[in-house]
Each structure stands twice: as C-alpha cells, then as structure tokens.
Amino acid sequence: MNDEARLESLAKRLGASAAERLDVEATARKVVARLREQPVRRTIWVQQTWLRIAAAVLIVVGGAAVASRLPRGSGGSFGPGGEISPAHGAHFVADDLSDLSTDQLRDVLATFDELVNSDSVAVPEGSTDLRELDARQLRAVLRSLEG
Amino acid sequence: MAHPQPRTETSSDAALIRAWQAGDEQAAAELVARHARPLARFLAGAGAPDADVDDLVQETFIRAFRGVDRFRGHCQFRTWLLTIGGNVLKDFGRRAARRKVMPLDESVRDVTGDPHEHAEASEVEALLAAGLKQLPRLQREVFLLRAQQGLEYAEIAAALATTPGAARVHYHHAVRRLKEIVE
C-alpha cells in the first residue's frame with residue numbers, strides 16, 4: 026500500500042462484513058419498540074420540572090395571599106379600620122380547636138367576650154359562666170361562633 | 091384540508107423526520123432501514139467489536155430520534171447520525187474500559203470464504219483497523235467520513251462543527267499516520 030487511493034479502497038471495505046451481517050429489519054423493529062417503551066426522558070424531565078415550578082409558584086403566591094390576610098401579630102383578622110373581624114377570628118380559631126387545651130380554649134373565649142354578643146353564643150343549659158365549662162362544652166361554644 | 095402524503099422510497103430524510111416527529115413510527119423504521127448499514131460500517135471501522143455493532147447501531151438511532159429536534163439540517167441526516175455513532179462508540183469504550191472487557195481481535199473471529207485469500211486481505215485490513223485505533227478521535231472520524239463514507243470536506247466540517255480546511259488537514263494527518271502504520 027503506497028498511495029492514498031489504495032488506503033481509501035481499503036477503508037471502504039472496513040466494517041463491510043459487520044454491515045452485511047446486520048439484520049436491518051430486525052434492527053428497525055427493535056429501535057421502534059425501544060422508542061415506544063422508553064418515552065423521551067427529556068420531555069418527562071421538562072414536564073416534571075415545569076410541574077415543580079408551577080407548584081412552587083402556587084405555594085408562594087398562595088402563602089403570600091394568606092399572609093396578607095393574617096392579622097399583624099395576632100390570630101384574628103383586621104377590618105379596614107384595624108378592628109378584628111369576629112367571623113374571621115372565630116374561623117381561624119375553630120380550625121385548630123382540637124389541638125387546644127381547656128385553658129387555651131378559655132383564653133381564646135376570653136378574647137371573644139368583648140367582641141361577641143352573649144345572645145349569639147350557644148352556652149349549654151345550666152351554665153352561666155364560661156369558666157365552668159369543660160373542654161367539650163367550650164369547643165361547642167366556639168363552634169357556634171363560626172356561623 | 092391537509093392530506094397525509096403517501097410515503098415512497100424516494101421520500102426525503104427530512105420528510106421522514108417530520109413524519110416521525112408527528113408520531114409516525116413507520117417513518118422511524120424507514121430511516122433505520124435506510125441508514126443502518128452505513129452506520130454499522132462506520133462503527134465497525136471505528137473499532138466497534140462485531141458482536142456489539144447491532145446494539146451500538148440501535149443505541150445510535152435511539153439517541154438520534156430522541157434528539158432529532160436538535161438536528162437543524164446543517165448537514166445530511168446520515169452524516170449527523172454518524173457523528174452520534176461516534177459519541178455512542180466513545181461511551182461504549184469508556185464502559186468497556188471500566189469493565190475491562192477486551193474485544194476479540196478481528197483475526198480470531200469466525201470468517202467465511204477462502205481462508206488463504208481472506209487471511210491476506212484481512213491482514214491489511216486488520217493493520218488499517220489497528221492504525222485507526224491509534225489515531226486521535228477527530229482524525230479517525232474525519233478519515234472514515236471521507237474515505238469510507240465518501241463525504242465532501244464541507245459536509246464533514248458541518249457535521250463536526252469545524253471548517254472544511256481543518257477537516258482536510260485532519261484527513262491528511264490521518265492518511266500520513268496510517269500509511270506509516272500499514273506499510
């Protein structure tokens with residue numbers, strides 16, 4: 026071999042036997058089957074990423090919206106003049122009633138004493154003082170404030 | 091109202107690619123049938139063990155079809171496919187090196203035909219194959235794309251993101267090295 030043409034001629038024969046042995050139809054079938062069985066990972070990754078981004082945005086926006094409605098430094102909400110809205114306050118408290126102890130429930134009720142008309146509170150029969158109520162009765166009273 | 095164009099043997103690669111992107115699996119099969127053998131020759135020439143050529147051909151097509159959105163038509167589909175094949179082969183070589191799997195030498199593989207004639211021909215081919223393995227990857231691929239696949243320098247340059255002049259230089263370096271090795 027002493028010229029470029031012969032080298033090129035030899036190069037053209039390289040891999041010829043491997044190519045001859047290749048079952049092209051079977052290869053095509055396998056490729057199509059693999060494409061069908063293994064969807065494009067990049068697309069899935071992009072979809073998952075967008076879903077995560079969307080979820081994160083939703084949490085941030087939702088959190089900001091909730092935070093903007095929360096009262097500054099307390100558990101009730103404020104009206105236009107800064108006063109606590111009884112209905113909203115009762116709702117926030119009532120969401121977590123099950124987690125409150127009897128003393129905590131009494132404290133919560135004490136904050137409502139000045140805000141809620143006693144006629145609207147369903148005090149159990151036979152009780153005249155909230156301090157006499159047990160936890161179950163106190164929860165019932167608070168739930169009646171939810172409206 | 092648009093009607094799907096009937097596909098024929100003369101459908102262009104670009105038309106088949108568009109059909110595949112639209113979900114036509116048969117278009118993908120047609121592209122495989124059209125380019126699998128040249129790809130197998132390229133891979134085997136670049137050093138792929140015979141026993142792995144089929145798998146490497148499949149893997150190359152899988153990667154190509156999954157990344158076909160990145161194919162901008164800057165070169166022929168086949169040329170682009172061959173460059174992907176080069177990447178697939180490189181990854182295969184890395185995995186094989188980690189597993190320490192040594193491919194069988196060409197001369198000890200099962201062969202058919204006149205043993206004497208085959209031995210004489212395969213001796214030179216084996217030298218060339220061995221020489222190609224000693225070349226830097228870019229030189230090897232440029233040599234195969236030019237000498238084996240018959241591509242123009244401009245086409246090779248477009249596929250390998252280089253200039254035709256640089257492709258020509260790589261080719262001549264490869265030829266000079268191969269002549270030294272083979273002679």
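Just so you know, the protein sequences line up as chains C and P, in that order. So the first sequence is numbered by my numbering: it starts at 26 and just counts up by one. So the second sequence is numbered by my numbering: it starts at 91 and just counts up by one. Note that the Cβ used here is the ideal one computed from N, Cα and C, for glycine as well.
Pro-128(P) belongs to the set of residues whose beta carbon lies under 9 angstroms from a beta carbon in chain C.
The C-beta distance from Gly-221(P) to Leu-172(P) rounds to 20 angstroms, too long to fall under 8 angstroms, and the pair is not in contact.
Annotation: Cβ neighbours of Ala-41(C) in chain P (cutoff 7 angstroms, chain order): Arg-131.
The three-state secondary structure of His-125(P), taken from DSSP, is helix. The beta carbons of Ala-53(C) and Ala-134(P) sit no closer together than 9 angstroms.
Think of a sphere of 9 angstroms around the beta carbon of Glu-62(C): no beta carbon from chain P falls inside it, the nearest being about 11 angstroms out. Per DSSP, His-263(P) is one residue of the alpha helix (DSSP H) stretching across 254 to 272. Taken through DSSP and simplified to helix, strand or coil, Phe-161(P) comes out as coil. Just measuring C-alpha positions, the residue of Arg-236(P), Ala-249(P), Val-272(P), Gly-240(P) sitting nearest Gln-224(P) is Val-272(P).
No Cβ of chain P is located within less than 9 angstroms of the beta carbon of Val-86(C). For Gly-137(P), the CB contacts under 6 angstroms within the same chain, skipping 5 residues up- and downstream, are Lys-223 in chain order. At the C-beta level, Ile-107(P) and Phe-167(P) come within 9 angstroms of one another. The C-alpha of Val-122(P) is placed about 9 angstroms away from the C-alpha of Gln-148(P). The count of Cβ pairs closer than 8 angstroms, one atom from the region 228 to 243 of chain P and one from the region 46 to 61 of chain C, stays below three, leaving the stretches out of contact.
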